[in-house]
Each structure stands twice: as structure tokens, then as C-alpha cells.
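Contents: one structure, followed by commentary.
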Amino acid sequence: MAPLKRARHEEGDVIATESLSSALRHDSQRKRAKVSNGESSSRSLQVRDDSPSSSSDDAGDDDDNDDDDDDDEEMTPPPGTQYEIIRDAGFKHLEHTEHDDYIATQQLLAKKHTPLTNCAAENSIIEEIQCVNFMNHKNLKVPLGPLINFVVGENGAGKSAVLTGITLCLGGKPSATNRGSSMKSLIKTGTDRGMLLVRLKNQGPDAYRPELYGESIIIERHFSGSGSTYKLKNTAGGIVSSKKGDMDDIVEYFQLQVDNPMNVLTQDEAKTFITSSTPAQKFDFFRKGVQLEQLDNDYKLVSESCDQIEVLLDESMGDLEALEKQAEDAEAKKKIYDQHQDMRVEKRVLRNQLTWFQVEEQEKELEVRKRTVLETQRKIEEKEKIVNEKDRAYQTLDSSVERASEKARILGEELLPIKEEELEAKSKAEEADSEVKKLHQEHKESKLELETAKQKARTIQGEIDSEQKRIEDANGGSLNRKFTEIESAKTEASQAKTEFENSYGEMQGLVEKSQFAKTAFEKEQGPLAAKRKEVENSRNRLREMQNERPDPMRGFDQRMPELLRRIQQDRGFLHKPVGPIGLHVKLRDPKWSDILEVSIGNTLNSFAVTNKADQARLQKIISSTGILRTQIYITNPQPIDITNNEPDQHFMTILRMLDIDSEIVRNTLIINQAIDQVLLIDDLEEAMRIMEPRSMPAHVRHCFTPNPQRRGWGIRLYCNGPNYQNSAQDYVPPYRFKPRMKTDGERRIVLQQEALKHCQAEESRLANNFRTAQQRVQEVERAIQQHKVAQGRLKIRLQKAEERVESLENEYNNLDIEDGYLDSLKAQLEEANDNVTHYENAYGATTLARTEYNTTSLSCKNAYRAAKKRVESHEKLIADANQKVKAKEQARVIALGEKNTAIAQAEAYKVEKQEAETKLADTETRVEEYIEAATQICARIPVPPHETRASLEAKYKSITDQLSQYSRKLGVTEQEIIDGYAKAHELLKSFKSRRKHMEELLRLLKHSFSLRMKQYRSFQRHISARSRINFNYLLSERAFRGKLEIDHKNRLLDVHVEPDETSNNKKGRQTKTLSGGEKSFSSICLLLSLWEAMGAPLRCLDEFDVFMDDVNRDVSTKMIISAARRAVGRQFILITPKALGAGVDNHPDVSIFKLKAPRDRLQKSIPEMINPA
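Each residue of the sequence shown is one higher than the one before, counting from 1 in UniProt numbering.
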């Protein structure tokens, strides 16, 4: 609410007009006052406005005509309204004008002889006016002094835009300026929007809200073709408000009165006022300027209110008589009613007994409820004992399962080296068996080669014998035989070479196979080591789960308990923070723990508050504890309705998977994590089908599902791209730390055991793959070694074949037909014999090696059988151990089921107890309500022990029926008699009270109206005298004589001026007979005299000297400056098209702002056109 309008006080006894404005203004709701002759006040005012009045236009050029005009002015006024008759009081207060003028003269003389210093006011002063795209100005900025300001410029320079801008920026209407019908019409041509700015001084003890605006208030009005808006800014330029009402409060507070035509006299009004205004128009200007018209309207409203109240009081007399009659009838019925008071007393006693009987019934039910609660509590204690026994049995079995599992695990770990020994023994046995088979093959080959060599030797020997015989018989055919041998040797050499080259290709294939086997072997090493580490971590995690004590803070920072303690001890929070959030969340199914811990992330470590102050306070505490990455959310604790924003009920969401014990935590997770729109689906294929972009359910953001390929990992499915048309997925790694959300510990242990078994199975599979890869590497290496041996033999065979070819070719070349062939046969025989010897040695070596390798192979097979037997024996031990583990686990499951059954029974009894306690509380509340209701009827009374509810109700009904018979005779019920009696007297009392209040209000209004009428007439009397004396005083500045006639009865104000001191005309001449300069000077005197009577801090006048000659203009200007200096603290803004006289601008209280001529702004001079540079 804006501060109240401040009051200004002038010197002397007359109060300034700002302080006389009434608070009863409702211009849009004016009512017409009663008229004495039956006509409305509007009709009376219309008649008065149309009545003839004297005017300077009817005056003649001589004194005789003036006298005739005076006679014409004294016409009988039309009948006035009742209010006007009271207001004017026959105008008796205006009959002593000589005395009033004498008092005003004394005040003026006293003021004249009192030295006054014109100093600037501390506020309500316009410091600057700026016009942007307004009228003919692009950007006009006019700084104004605090006292006297002259805005000088030629015609068309845009001087009037200054006053127009001030009027419009301070809330005036465009039509009131006579410059345009709307703000749109005042926008500079070629632009589409404009702006006006007024800077007001705002200092001193009565500044307007200085803590908000500072030492200056900036008012901006922005306007365009679509309308206009306001901006109120402080000294620094910051926007304080954009409401027009706030601007109106500022204008009202400083009493700037821009809508007062005498306060801001525009160019058209100034010309009319100075040159051609009639006495009636001058009187209207006078009444509006000194606020007599506004006061008249306000007091008329008070008079109308009094008339309306009197009418209401007259009309209410009939209602008062009717109410008094109604009260008398009710009182008569009440007397008849009182005659049966004894029966009513007995009825009241029975009613009271029946009331407290109902209370006793409820109290008996309350005792039953209490016994039920106690009995249920006893059963709960019994069940809790059973729960403890079952828990101890379960713990014993659990320890037994742990020991059996550990034994099975150790046996499983011991099996690995035994299996490795078995595999190694098997590999050695297979290798030895392979060598034995190979040696058997070599033995067979050696035996065959030996027989071939012997057969060859025998053949050669036969050939030698044949050759010798042939030589003896004839000498011929040796060259052909030698040639045949050469061809046979070449064929054998070529075959050996081909086999040798093929062996290189086979060797390359074996090398590549070896590299592939080694690569596969190395690949199997990493996963196996990682899986063994994972098994160990899983085993450790299971051991920690089984051994750890319940600790809700285990998953949070170790300094979290200290933080919670400090929060609890701090008394400065408006509402205690809630957190960490994970502490208030319980997971229903632990299998989703890793996925939700990772997806919700650091939010589980965060806190929630309800306001900014608590957030800042909590942040300081968290910073002092040194806990990092702890967010603080500001959340409204009111429940969020997600009924229309969550997926269908058959889908599992994160919100439905969680039990949240705090509404603010629920709201925080919904807002920041959208837990109500994230699905949880067990099967990956089902999840992918549901998250298909074309068929994805409504209100779903994304979906989580376990990764079937990697246990502990999860997959996030969602849609992206334009219009979410593309499917996408991310992998969610397992959570490597302790969980922060609460969950079922037993279920977590079972899930961890399943995870450990799965990891162990994976480890066994990877170990088998590892051993298989290792065996492959060994087999390939053995194959490479064997191939190298075979390759060496092929090389030797090739060399021998090539040497034999070369030898035969040499023999062929040197063959002596006579004896060369025989020598060749002999050489072949020798070679064949050597081969026989060689193969005999090889055959013997293979025989010995076969015997040796048979022994070694038998030893390896025995070692393999022993290792295999050890493995089978150990596997039997492991199977027995696993069977024991399984049996113990089954026993533990049974024990856990029994424990859970006992817990469920205990919980059921607890629920039953809660229900019983709820019913007990409801019964206690009902008993209290019954007692409270019964106490309102009467104090507690004992109920006769022999009475029952039925007997009391029967007696109560009997008496009620008897009383009802009496009531039917009266035509109304007992309660209606009582209520009617009370209501009739209450209505009568209330009506008399309201009537008395209205009479008092009427008396106060009439008293106030009477006082205000006296003040109005006193103000009217003194303001008229003050204006007349000031007018005469101002005329005397130029040795003029004159008289200001203010006729309130006929609503005329006329001026008589005699510029010639030698004239004997005491009355003076009318303004029509004056010259233009004299007429303008006298009008300026009239204007200044009216200004002197006004109290507004701002006076504006546009082109006051337009019709004056230089002499009158200089005199008028000095007179205006002199009058302005006597109006201490007032700001004057005067517009003139002509330059001021010499010496005017030498005074510090005078500020002159000169506007450039249109030519100066839009055209160039001839020298500028000649020399544009």
C-alpha cells in the first residue's frame, strides 16, 4: 500500500488545496442530489450552465456601456438543489469582500516585507524529461532545474512536446493535451514505438519510499500501436514495478495534479485563457485550479449519503413495528410453554440419564478393547520367543552349511591339481602309446626294407651271374640296361623331392596350428584368472553378508553418523532435513540392488529440504564434516499425484519396487530420477519387445533388465533420435560397494550363494577350456617334432636318390661295353649288401626301442590309471560333501521357513494388535466425544442400576409424547416455541442495534458535513480574496489599476483593467477594450494570482507571451520570475518561442533550455553544402 498523501501548508490562515481533497471520491459512481423543485441536480446544473452571463464581448467602448452591462449581469439565478442551498448558505459568507480583501492585503504585505529565499524542494521536482520517437522528436532529453525553467525555441521546434510528454508520462490522457486522440497518434512518423521518461527528485524526510526507490524515481511510459505500459525504476535503473496503479500512487503522493488545467496549461488552453476566454470559462478554470470543484463533488456525495440513510431509517419504521409484534406473540407462547415446566424437567433428567447411559456403554466397550490389546500383546511375546528359538536353530544350521560349503570348496580347490595330474598322466600315456605305435610302424618298415634289400642283393647277384654268362656268350646290351637304371633312379629322386617339398607345406600348417593353439591358450588364461578372482570376491562378499551385523549406515561415508548427529542437534532448521535418501528406501527384491544402486547413484547419498534457508544451513554443516559429493534437493513435501503419469499397473517400476518411508524422499526421487516411469523387467527379450519404439507403453522413459550374458550386470533400454524412433541400450556395471538401500538380508544371502555357484560353474568351465587349449598346444608341438624327424629322413632319402642318379650317369658315360656292365653290377651288389647291413642294424635298433617304449608306455598307463582313480575318489568326496551341503541347505531352508512362519505369525499378531490399538484409540476418541457431548448437555450423573436403555427410552418417549400433545394444541413444537422466542427477541435486538448504528452514523455524517461546509465556505471566501489582492498587486507591477470580480453565485470571473493611471474610471476597462499586449499582460496577472492561491509543486505554461509585444513580454517575464521566486520551493516550466531578455539567465535559480530550429536539425547551411567535409 502506498504512503498516505502528504499535506502542504501555505503561509497565513488559508490551507493549500492539496490537503482539502476528500477520501470519498468515486467519480465513476456519482449520484444525483435531490433538487428542491423536484428536478434532478444534473438538470439544475444544466440550467445554470445555460443561463446568460456577462461577457467582455458585450461591452462597449465607453463607460456608459459598461454600466449597462453590469445591469445585465445581475440576473436572477435558477433554483438550486437542496445540497447547493446548504452549501452556498445564501452566499452570506461572501458579502464582506472589503473586510476579506483587507485581511488578504495585510497578509500579502506581511509576506512581501518578510525576506524569503527561494530554495529547491527536496522532492516532487522533475529533474529530467526525455522523449523518444515522440511527436517530431527522435530523442529529446531536457534537463530541468529545480525552480524556474524556460524552454525556448522557434515555431515547429517541438517545445510543446515537453509539457505533453510530462502530462502523458505522469498518467494524463492524450485527448486532454489536444495533441492527439491516442498514444498511437503521437508516435513519430516512420517509427512504430516510442518512450517517455520523467525523473523525479525523491529526497528529504517526506520522500516516497526512499528505501525502495532511492534519491530519484524514474517513470517510463512505453507506447506503440497496440497500447502503452509503465515502468517504475529506482536511482540505479532497476525496475521496481510495472503497474500503473503504483505510478498513480506516486503522482497522488506528490500532488503533481497533471490533470488540473490551471496546473499544466497547454498551448491551446493558454491561448484560450489569455486571449478569448469568457468570464464563465475563467470561473471554471478558477474552480478547477483551486480544487473548489473537486471539493464540491466530494461534499455532494456526503450529502447524498445522508439523504439515503434518512430514507432507510424512515422505511425501517414499519419493520421495527412488525418485529416488536412478532416478539410479543413469541413471549405469549413462551408463557404457555412455562406452565408444563415440571414435565420438561423430568424429561431433561431422563434425557441426561439416557445420555450418560450411552457413555457407560461405550466405556464398557473400551474395557473390552483394552483387554483385547493386552491379550494380543501376550500372544506377540509368545511368538517372539518362538521366533528367537527358530532363529537360533537357523543360525546353527547356517553355520553348519557354511562349514560344509567351505569343506566342499576346499575339496573342489584340491581337485584341480589332481585333475591336472590326471591330465598330465593321460597326456604322457597317450604320448608313450603314440611312440610305441610309431616304433611298431618303424619296426615293420625296417623289416620290410631289410627283406627288400636282401631280395635286391639276391637279384643283383643273379644279374651278375647272368652278365658273366652273357659276356662269356656274347659281348652286347649293357648300355640299354644302364640307361634303364638311370631313368629308374631319376624317378625315385623326383618322388623323394616331391615328398620333401610337401613336408615343408605340412610343417607350415602345423606351425600355424601351433600359433592358433597358443593364442587360444593365452586367451583362456585372462578370463580364468579374472573368474577365479571374481569367485574369491563373491566368496568373501558372501562371508561378509553372513557375518556382518545389521548396520543401515554401512553403505555410506563413515562420517555420515556424525553428520546426522549434528543435524539432529541443530535447532536452526525451519524443517529438519531428510537424508541420506538411501536410508529411507527399502528394496523389496534384492536382485535389483546392483542395477538400482548404480542407476540412482549419488542421489542415495543426498538430502532433501523444503526451503532455501535450510539448504544453505545444511550445506555449511556438510562442508564442515568434509563429506564430498552430497547434494541437497529442495522439494515440496506435499504428496505428488502420479495417477495419470505412471505406466499400467501390471508393469513393475522402480517406485513400485521400493518401500519409501518419507513423502519428501518419494517426491525427490520422482522429480530427479523419474522412478515412477522406469520399468524393471526380468527377461531381456520381453524387455526389448516392450521397449519397441512403435509399441512402447505410455509414460515410460526407459527400462532396466538383467544381462543374461554377464551375471551382476544390467542393461538399460531406451529410445532416442527424432520423435524417439530409434532403440538404444547401455550396459549397467555391478555395484562394487556396500549397498545403501535397505533390503531383506536373508534373501540377499541366498542370491549371493546362487551368484557364487554360478561363478564357480563358470570357473570350472573356463578351467576345462584352459586345459583343453593346453592339451592342444602340447599335441601340436609333438606333431611338429615328429614331422621334423620325418622331414630329416626324407632329406636323407632325397640326397641318396640324387647321389645314385649322379653315380649311374657317370657309370653310363664311362661304360665299357665289354666289362663295364659287370663292374656296375658288382658295385650294385656291394651297395645292396651295405644296405642289407644298414637295415639289419636299423631293424635291431627298432626292436630294442620297441621293447623299451613298451615298458615306458605301460608305466605311463599305470600312472594314468592311478591318477584317474585318485580323481574319481576325490570327486566322490566332493559329491558326498555337496550332498551334505545340499542336505544342510535344505534343513536350513526348512528352518528359515519355520522362522519366517513364526515371524509372519508374530507380524500378524502385531498387525492384529495395531488394528486392536486403532480400534481402542477410536473407541477412546468416541468415548471422549460422547463424554464431551454429554458434558455439554449436563454434568455426569449416576444412572439407576435397575434401569436399562430400553426402559429409559420408554419413559423418555412417554413424557415426550405428552408434551407433544400440548405442543399440537399450540400449533408448534416446544423447540419451535423456544427458538421462536429467542429468534424474535434476537431479531428485534439486532434490528434496534443496526438502526441505532445508522442513526449514530447519520449524526456523525451530518456533523462532519456541517463542519466541512463551514470549511468549504471559509476556503471559498479566503481563496477568492487572496486571488483578488494578488491580481491587484501584480497589476501594480506595471502601474496598472484593475479589479478581479469573482461571482460565485452566477459562476463568473471577470477582469477589469485600467492601464492609464490618469483615467478617472474607477471600475476599469473590460479586457475587450485593451490592446493585445495589455490583454495578455492582464491575463498573465490573473494566471499568476490564481497560481499564488494554488499549492501544487509544479506549474507549467505554454507560449504565455505569444500575443505580447516586447515591452509587455519583458515585463511579464520578470513578473513571472518574481512571482515564481515568491512561491518558495515550487518548480516552474515556461514555454516561449522567443529569446529572453538580457540578464534573465544570469540568475542561478533560472534554467534555460534552447531547442534547435527545424532548419538546424533537418537542413544544412550553404557553407555546409559547399564544403560537406
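Quick reminder that beta carbons are idealized off the backbone N, C-alpha and C, glycines included.
Checklist entry - Taking the Cβ atom as the reference point for each residue, do A161 and M195 lie within a distance shorter than 7 angstroms? => result Taking 7 angstroms as the cut-off, the Cβ atoms of A161 and M195 do not count as close.
Next on the checklist: Spatial neighbours of A916 within its chain, please: C-beta separation below 8 angstroms, excluding the five flanking residues on both sides.
Outcome noted: Excluding residues within five positions, the ones whose Cβ falls inside 8 angstroms are R369, T372, V373 and T376.
Next on the checklist: Tell me the DSSP secondary structure of F223 in three-state form.
Outcome noted: The three-state secondary structure of F223, taken from DSSP, is strand.
Next on the checklist: With H, G and I counted as helix, E and B as strand and the rest as coil, what does DSSP make of Q649?
Outcome noted: DSSP, read as helix, strand or coil, puts Q649 in coil.
Next on the checklist: Strictly by DSSP, which residues pair up with K1154?
Outcome noted: Under DSSP, the beta-bridge partners assigned to K1154 are V152.
Checklist entry - Who pairs with D1054 in a beta bridge, going by DSSP? => result Note: D1054 sits in a beta bridge opposite E1045.
Item to check | Under the three-state DSSP convention, the category S56 falls into | outcome: Model confidence at S56 stands at a pLDDT of 36, short of 50, so the residue's coordinates are unreliable; what they give is reported in the following sentence. For S56, the secondary structure class from DSSP, reduced to helix, strand or coil, is helix.
Checklist entry - From the DSSP output, which residues share a beta bridge with S228? => result DSSP, once it has assigned bridges, lists F223 as partnering S228.
Next on the checklist: Spatial neighbours of E360 within its chain, please: C-beta separation below 7 angstroms, excluding the five flanking residues on both sides.
Outcome noted: If the five residues before and after E360 are omitted, its C-beta is found closer than 7 angstroms to the C-beta atoms of V943, all from its own chain and listed in chain order.
Checklist entry - Can you check whether the CB of P1059 is closer than 7 angstroms to the CB of E1045? => result No, the Cβ-Cβ distance between E1045 and P1059 is not below 7 angstroms.
Checklist entry - Would the beta-carbon of residue 1174 fall within 7 angstroms of that of I977? => result In the structure displayed, the chain extends from 1 to 1173; residue 1174 sits before or after that span and is not available.
Checklist entry - Considering only C-alpha positions, which residue in the set I941, D314 and L963 is nearest to F357? => result If we check each option's Cα against that of F357, I941 comes out closest.
Next on the checklist: Helix, strand or coil for residue 1185? Go by DSSP, reduced to three states.
Outcome noted: Lying outside 1 to 1173, the shown extent of the chain, residue 1185 is not represented and no answer is given.
Checklist entry - Roughly how many angstroms separate the alpha carbons of C860 and E421, rounded to a whole number? => result In a straight line, the C-alpha of C860 is about 12 angstroms away from that of E421.
Next on the checklist: So the candidates are M1013, Q1131, I1121 and I600; which of them puts its Cα closest to the Cα of H1147?
Outcome noted: Out of M1013, Q1131, I1121 and I600, the CA that lies nearest to the CA of H1147 is found in I1121.
Next on the checklist: Less than 7 angstroms between the C-beta atoms of I681 and V578, yes or no?
Outcome noted: No, they are not a contact pair.
Next on the checklist: Suppose the cutoff is 8 angstroms on Cβ atoms and the five residues either side in sequence are ignored; what does the same chain contact list for L354 look like?
Outcome noted: Correct list, in chain order: R949, L952, E953 and Y956.
Checklist entry - If we ignore side chains and look at the alpha-carbon of each, how far apart do E1037 and L1052 end up? => result Spanning the two alpha carbons is a distance of roughly 25 angstroms.
Checklist entry - Nearest-angstrom Cα distance between L350 and E328? => result So the two alpha carbons sit approximately 32 angstroms from each other.
Checklist entry - Shortest alpha-carbon distance to A674 belongs to which of E646, Q890 and G897? => result Minimum Cα distance to A674 is reached at E646.
Next on the checklist: For a minimum of 3 consecutive residues, which ranges assigned as the beta strand (DSSP E) are wholly contained in the region 780 to 853?
Outcome noted: Complete beta strand (DSSP E) runs here, min 3: none at all.
Item to check | Beta-carbon spacing of K586, D659 below 7 angstroms | outcome: At the C-beta level, K586 and D659 come within 7 angstroms of one another.
Item to check | Span of the beta strand (DSSP E), counted from its first residue to its last, around D1102 | outcome: Taken as a continuous stretch (DSSP letters only), the beta strand (DSSP E) holding D1102 covers L1098 to D1102.
Next on the checklist: Just to confirm the assignment, what range does the beta strand (DSSP E) spanning S241 have?
Outcome noted: I239 to S241 is the extent of the beta strand (DSSP E) around S241.
Item to check | Ranges of the beta strand (DSSP E) found wholly within the region 679 to 733, counting only runs of at least 3 | outcome: You should have 702 to 706, 714 to 720 and 726 to 732.
Next on the checklist: Against chain C, does E953 count as a neighbour if the rule is that its beta carbon must be under 7 angstroms from one of theirs?
Outcome noted: No chain C appears in the structure shown, which is made up of a single protein chain.
Checklist entry - Using the beta-carbon count (16 or more within 10 Å), is I85 buried or exposed? => result Taking all protein chains shown into account, I85 has fewer than 16 neighbouring C-beta atoms within 10 Å of its C-beta and is therefore exposed.
Checklist entry - From L798, S216, N388 and I219, pick the residue whose C-alpha is nearest to that of S503; which is it? => result If we check each option's Cα against that of S503, L798 comes out closest.
Checklist entry - Per DSSP, K201 is paired with what? => result DSSP output for K201 lists S216 as bridge partner(s).
Item to check | Given C938 as reference, the closest of R348, S124, L295 and H1048 once Cα atoms are compared | outcome: Per the C-alpha coordinates, the member of R348, S124, L295 and H1048 positioned closest to C938 is R348.
Item to check | H96 in three-state terms, based on DSSP | outcome: It is coil, neither helix nor strand.
Next on the checklist: Check whether the region 389 to 397 and the region 896 to 910 are in contact - that is, three or more C-beta pairs closer than 8 angstroms.
Outcome noted: The answer is yes - the region 896 to 910 touches the region 389 to 397, with three or more Cβ pairs under 8 angstroms.
Checklist entry - Nearest to F991 by CA position, among S494, A845 and A322, is which residue? => result Ranking the options by Cα distance to F991, first place goes to A322.
Next on the checklist: Out of A863, L628 and T630, which one is the CA nearest neighbour of K419?
Outcome noted: Taking the Cα of K419 as reference, the smallest distance to any Cα among A863, L628 and T630 is reached at A863.
Checklist entry - What number of angstroms, rounded off, separates the C-alpha of Y213 from the C-alpha of G1129? => result In this structure, the straight-line span from the alpha carbon of Y213 to that of G1129 is close to 22 angstroms.
Item to check | Local conformation of S36 per DSSP, three classes | outcome: Bear in mind that a pLDDT of 35 at S36, under 50, signals an unreliable position, so the model cannot answer this.
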